[in-house]
């Protein structure tokens, strides 16, 4: 699939993807909604030992065409961002000092649902700054790890930007391993690898921090990643929504998802995944147009809002977006009724008949069987493709919300 769709009109550029933070793995419910909202979802993963996704999420991602994309955490943030982060820490030092220090790296941290905080395996200046404030502590533990013999050098280089120069010449174990994979013999390759496992001792640093510091740092990392290609931002943890509300990219992500979510069924997990995948493929252009409209709307508010005050207009922007989507939805539902009546040769539209046809078209009123049968005989699928309604719908970016809602029932 095309990973990034870029639409240029004037100086406005839309990159229809989002950075999900601070957790590594979104819930299946959120991922289904995101599949209707964005072309792709970037999520932050550590430079080593990322947590495996739950099988349910892995299967869902594959069925949707692989929308999750890993972005490795940088070894450090730009100096200006690090300074801002330490300012955030200093402003909350009293509150943070009262919080317990929790292990945020190593084997002890694998079950928390947030990936290991492996940005600074050897401490680094940032951790030293936290230590000087009494907000960090590092200890180490030795852990035995089983890896393939040809992976040893890469294993010890995993915290650096470099990679090992592995000898893959014919006759070497690694060459035989890849030969089996190239032949499609994954089982044979796995068995071959198992015969060449070695045990290495890994000295893992365990960084202890107040949990909010670790999560806030990951949020800052997400902003840095999103800024590279003008991606949206969405927080998977309600405590960290306000972290991004000073950034228009986070406002875009929140408005786009909140507006769409308001029209989707509460139990989106009940919708067949194949149905969602087909909708994604068919309405890719409409999805991009919807995101462009969101970017235009949030851009207008960001221009008039005072610096650092975007979070205060968040609810107003979401409400305005919902109103526009609802207005479009009402317009097209009324147009569907009028098209049906015209196709049946009806020129006068008494309220009872309008209500009956509205019901036949799924608008929620009770319909006599006669009208429903007549609509069915005409062929509702053909009916909806006729006239100017479809053309007008495609021209209105807000109609994507109604299309997504219809595809989810």
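Numbering (my numbering), first residue to last: 145 to 553.
Every residue, glycine too, gets a C-beta built ideally from N, C-alpha and C.
Outcome for residue i when other beta-carbon atoms lying within 10 angstroms are tallied against a minimum of 16
i	result
residue 342	exposed
residue 301	exposed
residue 397	buried
residue 376	buried
residue 411	exposed
residue 465	buried
residue 284	exposed
residue 295	buried
residue 442	buried
residue 437	buried
residue 520	Summary for residue 520: the model assigns pLDDT 40, below 50, so the residue's position carries little reliability, and this model does not support an answer.
residue 161	buried
residue 280	buried
residue 403	buried
residue 414	exposed
residue 198	exposed
residue 242	exposed
residue 363	buried
residue 287	exposed
residue 235	exposed
residue 429	exposed
residue 424	buried
residue 187	buried
residue 196	exposed
Span of the beta strand (DSSP E), counted from its first residue to its last, around residue i
i	result
residue 161	161-165
residue 637	The requested residue 637 does not occur in the structure, where the chain is confined to residues 145 to 553.
residue 186	184-189
residue 398	Premise fails: residue 398 lies in the alpha helix (DSSP H), 392-405, not in any beta strand (DSSP E).
residue 216	212-216
Straight-line Cα distance separating residue j from residue i
i	j	result
residue 317	residue 223	43 Å
residue 373	residue 275	34 Å
residue 183	residue 379	17 Å
residue 463	residue 319	59 Å
residue 355	residue 228	18 Å
residue 431	residue 297	45 Å
residue 417	residue 207	7 Å
residue 326	residue 333	10 Å
residue 212	residue 371	18 Å
residue 167	residue 359	8 Å
residue 440	residue 393	12 Å
residue 338	residue 321	11 Å
residue 151	residue 435	Confidence in residue 151 is poor, its pLDDT being 40 and thus under 50, which makes the residue's placement too unreliable to answer from.
residue 278	residue 361	17 Å
residue 314	residue 323	10 Å
residue 348	residue 210	32 Å
residue 202	residue 171	11 Å
residue 329	residue 169	30 Å
residue 421	residue 269	46 Å
residue 350	residue 185	29 Å
residue 239	residue 352	16 Å
residue 460	residue 173	25 Å
residue 558	residue 237	Nothing can be reported for residue 558, as the shown portion of the chain is limited to 145 through 553.
residue 467	residue 433	17 Å
residue 336	residue 200	29 Å
residue 163	residue 215	9 Å
Whole-number beta carbon distance between residue j and residue i, since they are thought to touch under 8 Å
i	j	result
residue 175	residue 204	6 Å
residue 401	residue 340	Contact flag wrong, Cβ pair sits at about 46 Å.
residue 291	residue 331	Not really, about 20 Å apart at Cβ, beyond 8 Å.
residue 547	residue 427	6 Å
residue 282	residue 289	Incorrect: roughly 20 Å between the Cβ atoms, too far for contact.
residue 165	residue 406	About 23 Å; that fails the 8 Å criterion.
residue 357	residue 189	Not confirmed; about 20 Å, so no contact.
residue 549	residue 408	6 Å
residue 273	residue 230	6 Å
residue 225	residue 312	Not really, about 39 Å apart at Cβ, beyond 8 Å.
Span of the alpha helix (DSSP H) around residue i
i	result
residue 234	223-235
residue 242	From DSSP, residue 242 is part of no alpha helix (DSSP H); its letter is neither H nor E.
residue 377	Per DSSP, residue 377 belongs to no alpha helix (DSSP H); it is in the beta strand (DSSP E), 376-379.
residue 362	355-372
residue 173	172-181
residue 205	199-207
Starting from the N-terminal side, write out each stretch of the alpha helix (DSSP H) that is 4 residues or longer and does not extend beyond the stretch 276-331.
Fully enclosed alpha helix (DSSP H) runs of 4 or longer: 296-300, 317-326.
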